[in-house]
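Asks: Would you mind keeping the following structure in view while I ask a few things?
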Amino acid sequence: MNDKTQVRLKQLAVHRVGNKAKEEGVIASREVVDLRDEQLNDLLLNYFLSPFKQEEFFRFTHTSDLALNEMFAYSALIFSEPAKFLDYSVHILNHLYEQSDHPKVKSGELYVVHFAGCRMDDEPVEAVGIFKSENKDAFLTIQDSDEDIQVNYHTGVNLKSVDKGCMIFNVEAEDGFRVKLVDANSTDAVFWKEDFLNVTELKDTNFNTKTVLNLCKDFSEEVFAQTESKKAQVDFISRSVDYFSKSETFDLEEFTSSVIDEPETKERFKNYSQAFAEERDIEGFTDFAINKNTVRNMKRKFRNFIKLDTQIEIKFSGYNPEQSEQYVERGFDKERGMHFYKVFFHSES
4 MNDKTQVRLK QLAVHRVGNK AKEEGVIASR EVVDLRDEQL NDLLLNYFLS PFKQEEFFRF
64 THTSDLALNE MFAYSALIFS EPAKFLDYSV HILNHLYEQS DHPKVKSGEL YVVHFAGCRM
124 DDEPVEAVGI FKSENKDAFL TIQDSDEDIQ VNYHTGVNLK SVDKGCMIFN VEAEDGFRVK
184 LVDANSTDAV FWKEDFLNVT ELKDTNFNTK TVLNLCKDFS EEVFAQTESK KAQVDFISRS
244 VDYFSKSETF DLEEFTSSVI DEPETKERFK NYSQAFAEER DIEGFTDFAI NKNTVRNMKR
304 KFRNFIKLDT QIEIKFSGYN PEQSEQYVER GFDKERGMHF YKVFFHSES
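Here you go:
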């Protein structure tokens, strides 16, 4: 959902939810919010939509029957019976309260939103948004009074960040809808994702691309780091990222042949990838479309420098395998009894 220009708020209900373990209770609004104020509308839209920058999609799930997932059921009812939006938003409030039984779960405001004009695959779709604000900030208020300036303060919700949120898009209903998540508080992430929503990550191009790149990262750290030099580790990561940046699809055989030279290491990578998949209960990695946005986002997680025990670091610009292969050599100086790196260049800058 990159294009947000056509998104509009159809209905909005704001409730108060407390911590059930502390018996704080809930406060349910009797009416929906008046959305005729254009400036308020714009502020709320930006507040609700701006956090969703990640590529991951999720879907509702249930151990026995998808229809028994409360949030799936309430979202479907809002889509089918929008006239009863306020009633269903109160059901969502009560469901959230029932899951808020851990001492670390904070009280806060619950926003239930009915959106129109969201874009999915270039098609306009409706969406239900669930947001929770838990933290309050102090704001200064400046007022002119009798040719003087008065300074005061009040507390409120900072519109620059959502504490918890999800967007439920009215597509693929038979497979649990398509859901996006945001959670700024990692200490109770299980409560929001698993207890309240009960969602699982969608195994799409983003999932496959991210999973195999994480496989490469783990292999470089667990295998290359133990048996090869740091340069070999950086070479492998650079070649892996270069493959994902230039290729449109991933194929395990092609990837292994183009990224790894040594037959023994190739075999170890294949065995490692099989064990990696079995541990996580996911199917084998072959022949899927590469998500370029995911590749760009994942690059920052990979180490592209060599840190030496002499307080010197060799950093490579980007992930160009030619940098380390052509311009950096590793050797051993017998007189000093130390390893060394030789770096070639034309000019300094």
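206 is the number that my numbering gives to position 203 of the sequence shown; each next residue is one higher, with no gaps.
Ideal Cβ positions, reconstructed from N, Cα and C, are used throughout, including at glycine.
In this text the structure is predicted, and so the values were computed from the model without any measurement.
Can you have a look at asparagine 353 and say buried or exposed, based on whether 16 or more other CB atoms are within 10 angstroms of its CB?
Replies: In the structure displayed, the chain extends from 4 to 352; residue 353 sits before or after that span and is not available.
Asks: Taking only the alpha-carbon atoms, compute the straight-line gap between lysine 109 and aspartate 221 and give it to the nearest angstrom.
Replies: Stepping through the sequence shown from its first residue, residue 109 is reached at position 106. Stepping through the sequence shown from its first residue, residue 221 is reached at position 218. Answer to the nearest angstrom: the Cα atoms are 35 Å apart.
Asks: Could you give the uninterrupted runs of the beta strand (DSSP E) lying entirely in the region 129–181, keeping only those of 3 residues or more?
Replies: If we require 3 residues or more, the beta strand (DSSP E) runs fully inside the region 129–181 come out as 140–148, 151–159 and 167–172.
Asks: Which full runs of the beta strand (DSSP E) of 3+ residues lie inside the region 254–320, going along the chain?
Replies: You should have 308–310 and 316–318.
Asks: In this structure, how does DSSP classify threonine 212 when only helix, strand and coil are distinguished?
Replies: Looking up residue 212 in the sequence shown gives position 209. Threonine 212: helix per DSSP, three-state reduction.
Asks: Would DSSP call valine 10 helix, strand or coil?
Replies: Position 7 of the sequence shown, counted from the start, is the residue given in the question as residue 10. Valine 10 falls in the coil class under three-state DSSP.
Asks: Give the list of continuous beta strand (DSSP E) stretches no shorter than 3 residues that lie fully inside the region 89–132.
Replies: Counting whole runs of 3 or more residues, the region 89–132 contains the beta strand (DSSP E) stretches 111–123.
Asks: Any idea if valine 193 is buried or exposed, counting beta-carbon neighbours within 10 angstroms, 16 or more meaning buried?
Replies: Start at 1 with the first residue of the sequence shown, and residue 193 comes out as number 190. Valine 193 should be labelled exposed.
Asks: Please report the straight-line C-alpha distance between phenylalanine 279 and leucine 218, rounded to a whole angstrom.
Replies: Reading the sequence shown from its first residue, position 276 is the one you call residue 279. Reading the sequence shown from its first residue, position 215 is the one you call residue 218. Distance between the alpha carbons of phenylalanine 279 and leucine 218 is about 7 Å.
Asks: So threonine 64 and glycine 179 are in contact, right, with Cβ under 8 Å, and what is the actual spacing, rounded?
Replies: As a first step, residue 64 is located in the sequence shown; it is residue number 61 there, counting from the start. As a first step, residue 179 is located in the sequence shown; it is residue number 176 there, counting from the start. Their Cβ separation, rounded to whole angstroms, is 6 Å, which keeps threonine 64 and glycine 179 in contact under 8 Å.
Asks: Please classify lysine 249 as buried or exposed, where buried requires at least 16 other C-beta atoms within 10 Å of its C-beta.
Replies: One-based indexing of the sequence shown puts residue 249 at position 246. Exposed, since its Cβ has fewer than 16 Cβ neighbours within 10 Å.
Asks: If you measure between the beta carbons of serine 252 and alanine 187, is that distance less than 8 Å?
Replies: Position 249 of the sequence shown, counted from the first residue, corresponds to residue 252. Position 184 of the sequence shown, counted from the first residue, corresponds to residue 187. Checking the sequence shown, residue 252 turns out to be threonine, not serine. It is not a contact, given that the beta carbons lie outside the stated cut-off.
Asks: Report the rounded CA-to-CA distance for lysine 337 versus tyrosine 344, giving the unit in angstroms.
Replies: For the purposes of this step, residue 337 is taken as the residue at position 334 of the sequence shown. For the purposes of this step, residue 344 is taken as the residue at position 341 of the sequence shown. Taking the straight line joining both Cα atoms gives about 14 Å.
Asks: If you reduce the DSSP assignment to three classes, tell me which class lysine 345 lands in.
Replies: Counting from one through the sequence shown, the residue named residue 345 turns up at place 342. Residue state, collapsed to three classes: strand.
Asks: Is alanine 16 near phenylalanine 88, with beta carbons less than 8 Å apart?
Replies: Position 13 of the sequence shown, counted from the start, is the residue given in the question as residue 16. Position 85 of the sequence shown, counted from the start, is the residue given in the question as residue 88. Yes.
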